[in-house]
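Sequence positions in the sequence shown follow the UniProt record's numbering and run 1 to 353. All residues carry an ideal CB built from backbone N, CA and C; glycine is no exception. This report refers to the structure that appears directly beneath it.
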Amino acid sequence: MDLIDLSEGKVVSKRWVIDEKLGEGSCATVYKVHDMNDTRVKAALKVEARSGDNYGVLKKEVAVMRKLQCRRHTVRVAYAARREYYSYVVMSLMGPNLVQLKKRCEVNTFTAGTTNRIGVHALYAIKQLHEIGYVHRDIKPANMVIGRHGPEARIIYLIDYGMAREYAVWEEGYARIRRKREHVLMRGTTRYCSPAVHARMEQGRKDDLWSLVYVLVELHAGLPWRGITEKEVGIMKDKITDEVLMADCPPEWIHIMKYIRTLTYESRPDYKKIYDLLISCMKRLSVSFSDPYDWETNFSSKSSQTTPITTTERTATVNADRSQNPKFINNRQLYDFPPTTDPKEFECNDIGI
């Protein structure tokens, strides 16, 4: 695995100063950086070595992110470039992911109220990607983060588009479904991928949603497959019933999964139907979007951070959401009713297929 190690204080592109390493994956490393011209401006810098089997993944990810710039509440790209030994992108600095947030809670699960709201925000984020013709193919808690400050700290964002693939092709300005391949390599995370992925079938929009349900179950009650092979996980997913898998989950989730099972590779999901079921569950539980999340009130004594995720730092963004959103009035309005929860957002069909 070829990873680039940038030392603290190193200046990239005569502007971005390395503050600290945030994490690393199979093909890239992510750093927190600041703008040397304005130290209040913080950003994330993701760097990939220009060698090795995974070279080129970042270029693909940047291409997807740039197409997402026209969509609200997505990670913003500030700058991307190549150097002799590595490629990099400077983008919005986000908050912790759901794995990190769950570890901060006294109980290592989220309540149904928190998990349903995660589901609504994540559904919105997934739909944004689908509307530009891509499927994510690696929906999991580690790829879902909150914003850094203010109202954005209560919104779930989708990150890491390295495995994304176009399900749509464009002809004369119109989209059509890309022909599916008969046999494909496995792409995704074994724990959260759909049964179709285990069968080496082409992934469509339904498979991202299938993974979303698995994520919700994991966050609220836990998934039963642990410590077994990928093949054994696939067999278990095929055999287990929705009722058994979600015995300790809201019954609305069973209806969501049963609906997803009716979809094919070509199907356009009814996002509003899934949204309505999540909202129905919230109403039954008397949960509001303005209620505190579990990680905002239920901190573990073992947690290194025992205050809500807020900061006065400015973040590096391009075409910030506020300037693009004519509905934005004030922080309180966005706090209570962010666009990611607007039912109209789940009804529209922007791509036309």
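Collapsed DSSP secondary structure at Cys-105 in the structure displayed
strand
If we call anything under 8 Å between Cβ atoms a contact, is Lys-32 one with Glu-20?
yes
Select from Ile-235, Tyr-259, Ala-43 and Val-197 the residue whose C-alpha is nearest the C-alpha of Asp-138.
Val-197
Using only the alpha-carbon positions, how far apart do His-149 and Ile-235 sit?
42 Å
Taking Cβ positions, are Val-217 and Cys-193 nearer each other than 8 Å?
no
CB-CB length for Ser-92 against Ala-43, believed under 8 Å
7 Å
With burial defined as no fewer than 16 other Cβ atoms inside 10 Å of the residue's Cβ, what is the status of Ser-87: buried or exposed?
buried
Give me the Cα-Cα distance between Leu-277 and Ile-240, rounded to the nearest whole angstrom.
22 Å
So, using beta-carbon positions, are Tyr-161 and Glu-61 closer together than 8 Å?
yes
Ignoring anything shorter than 3 residues, give me the beta strand (DSSP E) runs that lie fully in the segment 69-126, in order along the chain.
77-82 and 86-91
Would you be able to state if there are at least three C-beta pairs under 8 Å between the segment 199-209 and the segment 175-188?
yes
Provide the residue span of the beta strand (DSSP E) that contains His-255, from first to last.
Taken as a continuous stretch (DSSP letters only), His-255 belongs to no beta strand (DSSP E), being part of the alpha helix (DSSP H) at 251-260.
Closest to Met-144 by CA distance: which of Gly-119, His-130, Arg-165 and Asp-38 is it?
Gly-119
Any idea if Ala-81 is buried or exposed, counting beta-carbon neighbours within 10 angstroms, 16 or more meaning buried?
exposed
Can you grab the Cα-Cα spacing for the pair Arg-76 / Gln-69, in whole Å?
6 Å
Any idea if Lys-231 is buried or exposed, counting beta-carbon neighbours within 10 angstroms, 16 or more meaning buried?
exposed
I need the straight-line Cα distance from Thr-115 to Lys-14, nearest angstrom please.
42 Å
Helix, strand or coil: how does DSSP classify Ile-146 here?
strand
Near Ala-175, what residues of its chain come up, given a Cβ to Cβ distance below 8 Å and the 5 sequence neighbours on each side ignored?
Gly-133, Ala-168, Val-169, Ile-351, Gly-352 and Ile-353
Measure the C-alpha to C-alpha separation of Ala-164 and Ser-290 and round it to an integer number of angstroms.
32 Å
Under 8 Å, do Leu-209 and Ile-156 count as touching if we go by C-beta distance?
no
List the DSSP bridge partners of Tyr-271.
Its beta-bridge partners do not exist; DSSP assigns none.
Limits of the unbroken beta strand (DSSP E) element including Asp-35:
29-35
Here's a check: name, in chain order, each residue in its chain whose Cβ is nearer than 7 Å to the Cβ of Tyr-271, leaving out the five neighbours to either side.
Leu-123, Lys-127 and Phe-346
Let me confirm a value: His-183 is counted as buried when at least 16 other C-beta atoms fall within 10 Å, else exposed. Which label applies?
exposed
Determine the closest residue to Arg-268 out of Val-107, Pro-339 and His-130, with distance taken between C-alpha atoms.
His-130
Using CA coordinates, which residue listed in Lys-140, Asp-35 and Leu-212 is at the minimum distance from Met-257?
Leu-212
Apply the 10 Å Cβ neighbour rule to Ile-228 and answer buried if 16 or more other Cβ atoms are within range, or exposed otherwise.
exposed
DSSP puts Gly-173 in a beta bridge; with which residues?
In DSSP, Gly-173 forms no bridge with anything.
Ile-279 - DSSP class collapsed to helix/strand/coil
helix
Mind reading off the beta-carbon distance from Val-30 to Lys-46? Whole number of angstroms is fine, and I expect it under 8 Å.
5 Å
Is it the case that the Cβ atoms of Asp-38 and Trp-16 are separated by a distance below 8 Å?
no
Buried versus exposed call for Pro-141 [16 or more other C-beta atoms within 10 Å across all chains shown]
buried
Restricting to runs no shorter than 4 residues, where is the alpha helix (DSSP H) found entirely within the segment 202-228?
205-220
Nearest residue (CA-CA) to Asp-5, options Ala-63, Tyr-85, Lys-237 and Arg-72:
Tyr-85
Helix, strand or coil: how does DSSP classify Leu-129 here?
helix
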